[in-house]
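In our numbering, the protein residues as written are 1473 to 1940.
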């Protein structure tokens, strides 16, 4: 593979709209493909004869734990790639290589510790997160097998950020495409041919993540890469800086787990025996649909972060402004399209998971409720991720936590005043309020740091200093 021939993106000089499309769209597609891991699993699980609905509810209970595991890859991957991109913008490849090696070794340590911790605590976690006596056995089987593949999941996801950060978004997309295609092939084979049922879905996912992991390491270890991967002993000072930069996106994903946990627990409690499992099954379908919106949006905004960080390191505020505008327009276009889809085609999506008329009707209503404010949500995603790429992690963290806190409070309080199903309205309430706040906050940052074309204020990156 000739990586030099494929690297066609100059983050500091290429025409901005074309550059954003070449980098963000493959990353968006990669995230869309990545979400197929869980959605394809859920589709096949929901169609298992006799036990499909209970198995799907069990997989839904596992979702927040899987999200929590994945957030650790984001902690290192985004935190490290932002600092990595700034170093490339300053033409400091030696320090960039040091950052890359430290991220790799830190992910190795994290994956080992997390595997042990989650295997020891999975029974307690599943009960806390809404598993009933009926759904617990399915959730336990799925989570046990998935957790054993934590090493592959964290390495493939966390290190893939550094492929895109070096100007190879297409290779980053191939990483997730390999895993998703393999997962789609293995799922029906393991579930229906080998009769492994929900265990087969988990095993297919782990093998798919293994394939992605091997591809990522193969690409990064090639000497033809601008900054090849070398294993380094973790340097505490540098690791702390990486964790500080990655903490905001990590907490964003980790708190997603809390929201899902709260939703499942509230639906189980207020729905009561029997109907609680029905609500969780439908919530799992609705959340799968939302992943088709939020994951590609994270791909668009996440793909733009290396561009923003690179030009921040190179002190080019004019390019930063253009990048953010292009990314915002791209997100608004995407969410507008998905809003229309959610109005006209939700029944077709729900029908992929189940043929039960009650589940489909409730899921259609839930999809339409969840997506009421997805267009304004574009502003939240773009501005928060842009602030993170600029090193303003405290502000981005506050904006993210404000949305999640609003979401959590609405999830818990709405069923007290209305019915259990009213918890589905927590999503649009939080999205609308958060979009207004993040837009106001970013406007202040824009006028303070990005409006002029002079010197950019460097914000506590350790080595960085204001460029002339």
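Idealized CB from N, CA, C, for every residue including glycine.
Within its own chain, the residues whose Cβ lies closer than 7 Å to the Cβ of residue 1679, once the five positions on either side in sequence are excluded, are 1654, 1658, listed in chain order. Of 1669, 1703, 1562, 1689, the smallest CA-CA separation from residue 1530 is found for 1669. Each of 1695, 1807, 1725 was checked against the Cα of residue 1543, and the nearest Cα belongs to 1725.
Here the alpha carbon of residue 1667 sits roughly 54 Å from the alpha carbon of residue 1785. Sorting 1652, 1550, 1643, 1597 by C-alpha distance to the C-alpha of residue 1630 places 1550 at the top. For the options 1514, 1522, 1770, the alpha carbon positioned closest to that of residue 1504 is the one of 1770. Judged by beta-carbon spacing, residue 1730 lies within the 9 Å limit of residue 1880, meaning their Cβ atoms are closer than that value. Two segments are said to touch when three or more pairs of C-beta atoms, one from each, lie closer than 8 Å; by this definition the region 1605-1622 touches the region 1510-1530.
Around the beta carbon of residue 1569, a 10 Å sphere encloses 16 or more other beta carbons of the protein chains shown; the residue is thus reported as buried. Restricting attention to alpha helix (DSSP H) runs no shorter than 4 residues, the region 1694-1761 encloses them at 1708-1743, ordered along the chain.
Exclusion of the five residues before and after residue 1860 leaves 1550, 1554, 1717, 1720, 1721, 1777, 1868 as the residues of its chain whose Cβ lies within less than 8 Å of its Cβ. Between residue 1898 and residue 1735, the CB-CB gap stays under 9 Å. Around the beta carbon of residue 1805, fewer than 16 other beta carbons sit within 10 angstroms, so the residue counts as exposed. Excluding its 5 nearest sequence neighbours in each direction, residue 1840 has C-beta neighbours in its own chain below 8 Å: 1814, 1815, 1818, listed in chain order. If you check the CB distance, residue 1873 and residue 1750 do not come in under 9 Å.
Straight-line measurement puts the Cα of residue 1780 at about 39 Å from the Cα of residue 1614. Cβ atoms of residue 1541 and residue 1483 stay farther apart than 8 Å, at about 31 Å. Where residue 1860 is concerned, the enclosing alpha helix (DSSP H) starts and stops at 1846-1861. One thing to note: residue 1558 has its Cβ no nearer than 9 Å to the Cβ of residue 1870. When the beta-carbon positions are compared, residue 1692 and residue 1572 come within less than 9 Å of each other. For residue 1632, the enclosing alpha helix (DSSP H) stretches over residues 1622-1637. In the three-state reduction of the DSSP assignment, residue 1669 falls in the coil class, being assigned neither a helical nor a strand state.
In this structure, the CA atom of residue 1535 is about 12 Å from the CA atom of residue 1612.
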